[in-house]
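K.L.:
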Amino acid sequence: MLRLGWPSITVIDTTVHSFYRRRIKDLPAFGNEVILNLLCKKFFCKNDDCDRSIFTERFNDHFKPYSRLSIRLTSKLLKTGLLTGGNVGSRICRLHCINISASTILRIVHKTPIVPLVAPKILGIDDWAYKKGDRYGTALVDLEKHRIIELLPDRDSNTIKNWLINNPGVEIITRDRYSNYAKGATEGCPEATQIADRFRLLQNLSEALKKVLDRNYKTYKQMFETTNLIKRCENISKPLDILPISLPLGYNKRLIQMEEVKMRHRKGESLRKIASSVNLDRKTVARYLQLEEPPIKVTPPKYNFSEFTSYILEFINKSEGTPIKLLINEIKKMGYNGGFTTAYKFIRENFKVHNAKSKPAIAKHLYFPAKAALLLSQSPSKLSTLQNEIVTTICSATPDIKQASILSRQFRNLLILKRGGLTKRFEIWIGKALRCKASEIRSFAKGLLSDFSAVHNAILYKWSNGQVEGQINKLKTIKRQMYGRCSFDLLKRRLIMGFE
Numbered sequence: 000m001l002r003l004g005w006p007s008i009t010v011i012d013t014t015v016h017s018f019y020r021r022r023i024k025d026l027p028a029f030g031n032e033v034i035l036n037l038l039c040k041k042f043f044c045k046n047d048d049c050d051r052s053i054f055t056e057r058f059n060d061h062f063k064p065y066s067r068l069s070i071r072l073t074s075k076l077l078k079t080g081l082l083t084g085g086n087v088g089s090r091i092c093r094l095h096c097i098n099i100s101a102s103t104i105l106r107i108v109h110k111t112p113i114v115p116l117v118a119p120k121i122l123g124i125d126d127w128a129y130k131k132g133d134r135y136g137t138a139l140v141d142l143e144k145h146r147i148i149e150l151l152p153d154r155d156s157n158t159i160k161n162w163l164i165n166n167p168g169v170e171i172i173t174r175d176r177y178s179n180y181a182k183g184a185t186e187g188c189p190e191a192t193q194i195a196d197r198f199r200l201l202q203n204l205s206e207a208l209k210k211v212l213d214r215n216y217k218t219y220k221q222m223f224e225t226t227n228l229i230k231r232c233e234n235i236s237k238p239l240d241i242l243p244i245s246l247p248l249g250y251n252k253r254l255i256q257m258e259e260v261k262m263r264h265r266k267g268e269s270l271r272k273i274a275s276s277v278n279l280d281r282k283t284v285a286r287y288l289q290l291e292e293p294p295i296k297v298t299p300p301k302y303n304f305s306e307f308t309s310y311i312l313e314f315i316n317k318s319e320g321t322p323i324k325l326l327i328n329e330i331k332k333m334g335y336n337g338g339f340t341t342a343y344k345f346i347r348e349n350f351k352v353h354n355a356k357s358k359p360a361i362a363k364h365l366y367f368p369a370k371a372a373l374l375l376s377q378s379p380s381k382l383s384t385l386q387n388e389i390v391t392t393i394c395s396a397t398p399d400i401k402q403a404s405i406l407s408r409q410f411r412n413l414l415i416l417k418r419g420g421l422t423k424r425f426e427i428w429i430g431k432a433l434r435c436k437a438s439e440i441r442s443f444a445k446g447l448l449s450d451f452s453a454v455h456n457a458i459l460y461k462w463s464n465g466q467v468e469g470q471i472n473k474l475k476t477i478k479r480q481m482y483g484r485c486s487f488d489l490l491k492r493r494l495i496m497g498f499e
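Residue numbers (numbering that gives the first Met the number 0): 0 to 499.
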């Protein structure tokens with residue numbers, strides 16, 4: 000008995016009603032495009048109860064009804080579209096003798112249903128940006144299988160809760176410390192163990208330590224400059240790390256703003272009124288009132304000039320009055336392949352080219368708050384002799400800095416080393432941090448208390464959100480391949496289906 004793909008057909012008349020032609024594009028052969036010209040039959044149905052009288056011949060194992068592409072070609076185009084996108088996929092197909100448009104490839108991707116995945120036991124949650132600082136979505140990652148299993152359109156706690164309720168079985172959740180994630184995970188899967196992101200914990204600690212250094216910058220800078228450390232810094236053979244850096248261009252402007260903020264505050268003006276008058280955010284005004292000097296913001300050069308630094312200094316000292324253009328031409332002969340403007344800006348900002356006898360500006364950035372915060376939180380055994388001397392000098396400036404540095408190293412060791420008695424040691428650390436003289440460290444400790452269980456689990460468990468950050472980088476790469484213009488649905492399909 001002949002079946003033609005319709006359930007009600009049980010008896011087919013061998014009488015042919017008519018013929019029709021189908022053109023099916025198939026995979027190429029021997030470097031040539033292949034198009035199948037099929038002459039298909041139409042048959043009568045002898046079943047009187049059937050509401051159809053004519054049925055066409057089907058080839059369900061090879062071609063779908065109404066499709067002009069073979070099943071195996073469609074499968075190849077689907078994979079190509081998921082991995083490369085529409086325009087790039089179309090160009091790649093033409094190289095393989097498949098003449099197909101980008102729209103057709105994307106249409107195949109959108110028509111293919113996403114196979115529902117089983118909820119993982121170990122789930123990672125983090126956010127990703129449609130547009131940074133404006134709108135965010137959420138990525139869910141199976142940490143055991145190393146793959147994204149779902150993209151959610153927002154960061155709302157109800158969205159997380161509903162997904163967890165509809166996908167039971169999650170045992171461990173590693174997540175960003177965003178409050179909506181904590182709330183959604185708790186309400187959606189209260190029995191799951193939640194683990195805070197260790198990287199964010201260390202990042203938040205470093206930011207708190209930097210604020211302590213910002214507040215005491217003027218004090219410890221004076222102590223640093225009275226020692227002979229500066230001369231030793233200038234002789235270090237790591238030009239990229241200790242390049243002589245002048246004050247950033249916006250420093251003087253921020254200094255004037257800070258002085259005006261403090262003057263208005265002494266007159267009794269409120270923070271809101273000061274912020275409105277000087278056109279600053281209230282948080283910035285409050286921060287300026289705590290600092291003695293504006294925070295230093297140093298942007299490292301985009302090009303690594305480390306191999307040319309010594310030659311530039313020697314050239315300037317020997318050739319008084321020589322144009323910078325000539326110097327740039329010289330370093331180009333030595334292998335510099337960057338732009339003229341980049342080199343010009345680097346030389347002007349880091350070397351006093353107007354005076355042949357002058358030496359580069361002091362290597363101040365070793366004790367800039369951002370750099371110093373990293374040194375102060377590191378174990379002394381991992382630092383060089385000079386770096387340890389820098390840490391000792393900075394810590395001796397005020398009790399705040401010394402205590403904050405000790406607590407930072409202790410917390411870092413708790414997260415990384417994972418030695419015995421972690422619970423007791425963490426509770427002791429929290430107690431010390433809450434009594435710290437530095438308000439920034441106390442504020443950091445209070446933040447940990449608000450999410451105590453997840454932070455405690457970050458110390459005890461091996462799982463972390465590090466892998467999720469890697470998956471977010473993959474998402475960013477795919478998003479940028481499509482110039483940020485892809486729809487949420489297409490991005491979701493490429494991430495979930497493209498790496499099966």
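For every residue, glycine included, the Cβ atom is placed at its ideal position computed from N, Cα and C.
Looking at the unbroken alpha helix (DSSP H) that takes in Val33, where does it start and where does it end?
P.N.:
That residue, Val33, is in no alpha helix (DSSP H); its beta strand (DSSP E) goes Asn31 to Cys44.
K.L.:
Candidates Ala342, Gln256 and Pro293: which alpha carbon is nearest Val277's?
P.N.:
That would be Gln256, whose Cα lies nearest to the Cα of Val277.
K.L.:
Output the boundary residues of the alpha helix (DSSP H) element that contains Val260.
P.N.:
Residues Tyr250 to Arg265.
K.L.:
Note down the Cα distance separating Thr391 from Arg253, rounded to an integer number of angstroms.
P.N.:
Computed Cα separation, rounded: 29 Å.
K.L.:
In three-state terms, what does DSSP make of Ile147?
P.N.:
DSSP places Ile147 in strand when its eight states are reduced to three.
K.L.:
Measure how close the beta-carbons of Arg154 and Asp126 come, nearest whole angstrom, since I'm counting them as under 8 Å.
P.N.:
Right, the Cβ-Cβ distance comes to about 5 Å (below 8 Å), so this counts as a contact.
K.L.:
In whole angstroms, give me the CA-to-CA distance for Lys24 and Lys75.
P.N.:
The straight-line gap from Cα to Cα measures roughly 12 Å.
K.L.:
How many Å lie between Ala101 and Glu468 at the Cα?
P.N.:
The straight-line gap from Cα to Cα measures roughly 31 Å.
K.L.:
Hey, how far is the Cα of Val260 from the Cα of Ala285?
P.N.:
C-alpha separation (whole angstroms): 9 Å.
K.L.:
Taking 8 Å as the threshold, find out whether the region 201–213 comes into contact with the region 403–417 through three or more Cβ pairs.
P.N.:
Yes: the two stretches touch, three or more of their Cβ pairs being nearer than 8 Å.
K.L.:
Give the C-beta separation of Arg199 and Asp450 to the nearest angstrom, bearing in mind that I take them to be a contact with Cβ-Cβ under 8 Å.
P.N.:
The pair is not a contact, with the Cβ atoms about 11 Å apart (cut-off 8 Å).
K.L.:
Based on Cα-Cα distance, which residue from Asn86, Arg434, Leu35 and His95 lies nearest to Ile70?
P.N.:
Here the closest residue by C-alpha is Leu35.
K.L.:
Of all the options Tyr129, Ser452, Asp213 and Ile172, which has the alpha carbon lying nearest to the alpha carbon of Glu292?
P.N.:
It is Asp213 whose Cα lies nearest to the Cα of Glu292.
K.L.:
Assuming Ile429 contacts Leu448 (C-beta within less than 8 Å), just tell me the rounded distance between them.
P.N.:
Contact flag correct, Cβ pair sits at about 7 Å.
K.L.:
Exposed or buried, what is Phe304 when buried is set at 16 or more other beta-carbons lying within 10 Å of its beta-carbon?
P.N.:
With 16 or more Cβ atoms within 10 Å of its Cβ, Phe304 is classed as buried.
K.L.:
Evaluate Arg134 with the Cβ neighbour count: other Cβ atoms within 10 Å of its Cβ, from every protein chain shown; 16 or more gives buried, anything less gives exposed.
P.N.:
So Arg134 ends up on the exposed side.
K.L.:
Given this structure, state the Cα-to-Cα distance separating Ala191 from Ala369, to the nearest angstrom.
P.N.:
Taking the straight line from one Cα to the other gives about 37 Å.
K.L.:
When you compare each of Glu32, Phe42 and Gly30 to Phe18 by their alpha carbons, which one comes out closest?
P.N.:
Of Glu32, Phe42 and Gly30, the residue nearest in Cα terms is Phe42.
K.L.:
Do Leu151 and Thr137 count as a contact pair if the criterion is CB distance below 7 Å?
P.N.:
Contact: yes.
K.L.:
Nearest to Tyr180 by CA position, among Pro167, Gly168, Trp162 and Asn166, is which residue?
P.N.:
Of the listed residues, the one whose Cα sits closest to Tyr180 is Trp162.
K.L.:
Pick out whichever of Phe367, Leu94 and Leu122 has its Cα sitting closest to the Cα of Gln466.
P.N.:
Comparing Cα-Cα distances from Gln466 to each of Phe367, Leu94 and Leu122, the minimum goes to Leu122.
K.L.:
Rounded to a whole number of angstroms, what is the C-alpha to C-alpha distance between Arg479 and Gly88?
P.N.:
Straight-line Cα distance between these residues: approximately 15 Å.
K.L.:
Hey, out of Asn251, Ala457, Ser376 and Ser395, whose CA is closest to Ser407's CA?
P.N.:
Residue Ser376 is the option with its Cα nearest to Ser407.
K.L.:
Look at the alpha carbon of Ile315 and the alpha carbon of Phe307, and state the distance between them as a whole number of angstroms.
P.N.:
Approximately 12 Å, taken between the alpha carbons.
K.L.:
Take Lys491 and list the residues in its own chain whose beta-carbon comes closer than 6 Å to its own, dropping the five residues that flank it on each side.
P.N.:
Within the same chain, Lys491 has close Cβ partners Leu150.
K.L.:
Would you give the residue range spanned by the alpha helix (DSSP H) that Phe54 belongs to?
P.N.:
Element bounds for Phe54: not the alpha helix (DSSP H) but the beta strand (DSSP E), Ile53 to Thr55.
K.L.:
Among the candidates Leu38, Lys331 and Gly420, whose CA atom is the shortest distance from the CA of Leu459?
P.N.:
It is Gly420 whose Cα lies nearest to the Cα of Leu459.
K.L.:
Could you tell me whether the Cβ atoms of Thr422 and Asn215 are closer together than 7 Å?
P.N.:
No, Cβ-Cβ distance for Thr422 and Asn215 is not below 7 Å.
K.L.:
Can you tell me whether Ser305 is helix, strand or coil according to DSSP?
P.N.:
Coil.
K.L.:
Pick from Arg441, Asp488, Arg493 and Ala457: whose alpha carbon is nearest that of Val211?
P.N.:
Among Arg441, Asp488, Arg493 and Ala457, the Cα nearest to that of Val211 is on Arg441.
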